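Only one structure is covered here, and it is reproduced in the block below.
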Amino acid sequence: MQQAIWKRLVTLVAILMIGSVVLAACGDDDDDADPTSTTGAVATATTGSSGVATEPGQAEESTEPVGAGAEVDFGNLSGEINVDGSSTVFPAAQAFSEEFLALAPDVRFSVNASGTGGGFSKFCAGETDISNASRPISDEEIALCEENGIDYTEFQVGVDGLSVVVNIQNDWVECITTDQLAQIWGPDSTVTNWSDVDPSWPAEPIDLYGPGTDSGTFEYFTDEINGEEGASRADFTASEDDNVLVTGIAGNQYAMGYFGYAYYIENQDTLKVLAVDAGNGCVEPNPDTVASGEYEPLSRPLFMYASNAALTEKPEVAGFFRFILSEDGQAIVPEIGYVSLSDEQLSTEQSELEAALQ
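In terms of our numbering, the sequence shown has 319 at position 250, counting the first letter as 1, and numbering is strictly consecutive.
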């Protein structure tokens, strides 16, 4: 995932440097130009496993039609947008912010990934403008937001196929049933070796990796597979950083784990994704099976929650969501490894945005 992020940053900086050279050349023709002034495009960014901060610069003004037929002069937007939450949604939020920065270079972003639950804790305390989530907001979180006077709007921004993955050297399993997953991951599981699940599999310990308890992916998986949100065995390597899970599974032939499809796509040279059989045959996650819901029960919507105060009082936040919910914004989603919204879904989300902005 970091490789894709750096590719975007390198491309963005290259574009901005070209703009700087062209504008500087034009300035050389002006005999009255201030020799101490600098004209051009400047953008800097710092990245890490859990966040990105993008700094403002200068660029040619851009007026783009986005959202429900609205026109926004992105080039005139400025201010800061604070985003936190799901590690699954993080790559999409980061990519959205990088592309938006090219249109609105005076907007600053802080994008972090403390998990869906951790993100909502900050969001409902009024600390962030946007909360990424890989599952819907819970009743407890709704109550916390209400207690603190935080009104919000939920936007679906894509679809994920939560992926069950093993090391690429695993040659004994191609498909796993939901019952077998529950046998392995259930709170009362006694499985220690692969052979405990299927005698034809190796008598070697299963090394398990999964999201931490603040993760929406953890909550979604345990609900769908174990029948109760949060119900899981505890003796596995847990992390809110999906890259940690990728590294662990890639380094152990007998490992298994689960996380968002985008992390598998970015690391498919070291990982193998398993087809899942929920009773209707083995189905492997891919854009078609995820979009159709055929990949059950692990196809799921991805969300970004916006503070209504931020939407109405910070034009940069409204502009950001107009971009996300545009054809250009949705074109980014498959590049990350997720599935973009259908035309019908996109129209619905655009209508939700326009209603929130009234």
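All C-beta atoms in this analysis are idealised placements derived from N, C-alpha and C, irrespective of residue type, glycine included. Everything numeric in this text was worked out from a predicted model, so none of it was measured.
Applying the 10 Å Cβ sphere with the 16-neighbour rule, what's the burial state of Cys351?
Locating residue 351 in the sequence shown gives position 282, counting from the first residue. By the neighbour-count rule (16 or more Cβ atoms within 10 Å), Cys351 is not buried but exposed.
Can you grab the Cα-Cα spacing for the pair Trp263 / Tyr278, in whole Å?
Sequence index remark: in the sequence shown, residue 263 carries index 194 (1-based). Sequence index remark: in the sequence shown, residue 278 carries index 209 (1-based). Roughly 15 Å between the two C-alpha positions.
Reduced DSSP category for Pro274 - H, G, I as helix; E, B as strand; rest coil:
Residue 274 sits at position 205 when you count from the first residue of the sequence shown. If DSSP states are grouped into helix, strand and coil, Pro274 belongs with the strands.
Report the rounded CA-to-CA distance for Leu170 versus Val152, giving the unit in angstroms.
Within the sequence shown, numbered from 1, the residue matching residue 170 stands at position 101. Within the sequence shown, numbered from 1, the residue matching residue 152 stands at position 83. So the two alpha carbons sit approximately 14 Å from each other.
For the alpha helix (DSSP H) holding Arg369, just list the boundary residues, first then last.
Taking the sequence shown and counting its residues from 1, the one referred to as residue 369 is at position 300. That residue, Arg369, is in no alpha helix (DSSP H); its beta strand (DSSP E) goes 368-376.
Please say whether Val402 and Leu367 have beta carbons closer to each other than 8 Å?
Walking along the sequence shown from the start, residue 367 turns up at place 298. Walking along the sequence shown from the start, residue 402 turns up at place 333. Contact: no.
Please determine if the region 235-251 and the region 332-345 are in contact, where contact requires at least 3 C-beta pairs separated by less than 8 Å.
yes
Could you pull out every residue in the same chain whose Cβ sits closer than 6 Å to the Cβ of Gly285, ignoring the five residues on either side in sequence?
The count along the sequence shown starts at 1 and reaches residue 285 at position 216. Cβ neighbours of Gly285 beyond the five flanking positions: Ser155, Thr185, Ala202, Ser203, Arg204.
To the nearest angstrom, how far is it from the Cα of Ala110 to the Cα of Thr316?
Position 41 of the sequence shown, counted from the start, is the residue given in the question as residue 110. Position 247 of the sequence shown, counted from the start, is the residue given in the question as residue 316. Residue confidence for Ala110 is low, a pLDDT of 27 falling below 50, so the modelled location carries little weight; the figure read from the coordinates is stated next. Rounded to whole angstroms, Ala110 to Thr316 spans 37 Å at the Cα level.
Going by DSSP, what residues sit across from Ala303 in a beta bridge?
As a first step, residue 303 must be located in the sequence shown, where it is residue number 234. Answer is none; Ala303 lacks a bridge partner.
Look at the alpha carbon of Leu410 and the alpha carbon of Gly227, and state the distance between them as a whole number of angstroms.
Stepping through the sequence shown from its first residue, residue 410 is reached at position 341. Stepping through the sequence shown from its first residue, residue 227 is reached at position 158. If I take the Cα positions, the gap works out to 5 Å.
Following a CB-centred definition, is Trp270 positioned closer than 7 Å to any heavy atom of the ligand NAP?
Although the ligand NAP was asked about, the structure shown includes no ligands whatsoever.
Name, in chain order, the residues that DSSP records as bridge partners for Gln225.
Working through the sequence shown from its first residue, we reach residue 225 at position 156. Paired residues: Phe372.
Is it buried or exposed, Pro174, if we count other Cβ atoms within 10 angstroms and call 16 or more buried?
Indexing the sequence shown from 1 puts residue 174 at position 105. Buried, since its Cβ has 16 or more Cβ neighbours within 10 Å.
For Gln127, which three-state DSSP category applies?
Looking up residue 127 in the sequence shown gives position 58. Bear in mind that a pLDDT of 40 at Gln127, under 50, signals an unreliable position, so the number given afterwards is only what the model happens to contain. In this structure, DSSP gives Gln127 a state outside helix and strand, which the three-state scheme calls coil.
Residues near Asp311 by beta carbon distance below 6 Å, same chain, minus five either side:
Counted from its first residue, the sequence shown places residue 311 at position 242. Within the same chain, Asp311 has close Cβ partners Ser156, Phe328, Tyr332.
Within the chosen definition, does the region 356-372 reach the region 210-218 through at least 3 CB pairs nearer than 8 Å?
Contact annotation: the region 356-372 does not touch the region 210-218, with fewer than three C-beta pairs closer than 8 Å.
Can you tell me where the beta strand (DSSP E) holding Val345 begins and where it ends?
Taking the sequence shown and counting its residues from 1, the one referred to as residue 345 is at position 276. Residues 344-346.
What's the C-alpha gap between Phe224 and Thr261?
For the purposes of this step, residue 224 is taken as residue 155 along the sequence shown, with counting starting at 1. For the purposes of this step, residue 261 is taken as residue 192 along the sequence shown, with counting starting at 1. If you take the alpha carbons of Phe224 and Thr261, they lie about 41 Å apart.
State the DSSP-derived secondary structure class of Ser190, mapped to helix, strand or coil.
On the sequence shown, residue 190 is found 121 positions in, with the first residue counted as 1. Correct three-state label for Ser190: helix.
Mind checking Thr259: buried by the 16 CB within 10 Å criterion, or exposed?
Residue mapping note: residue 259 aligns to position 190 of the sequence shown, counting from 1. Label assigned to Thr259: exposed.
For Glu421, which option in Thr222, Thr197, Gly281, Phe159 has the closest C-alpha, if you only look at C-alpha atoms?
Indexing the sequence shown from 1 puts residue 421 at position 352. Minimum Cα distance to Glu421 is reached at Thr222.
From Thr282 to Ile206, what does the alpha carbon distance come to, in whole angstroms?
On the sequence shown, position 213 is the one that residue 282 refers to. On the sequence shown, position 137 is the one that residue 206 refers to. Thr282 and Ile206: Cα-Cα distance of roughly 15 Å.
What is the DSSP secondary structure of Glu149, reduced to helix, strand or coil?
Taking the sequence shown and counting its residues from 1, one reaches residue 149 at position 80. Glu149: strand per DSSP, three-state reduction.
Going by DSSP in three states, Val280 sits in which element: helix, strand or coil?
Position 211 of the sequence shown holds residue 280. According to the sequence shown, residue 280 is Pro rather than Val. Note: Pro280 maps to strand in three-state DSSP.
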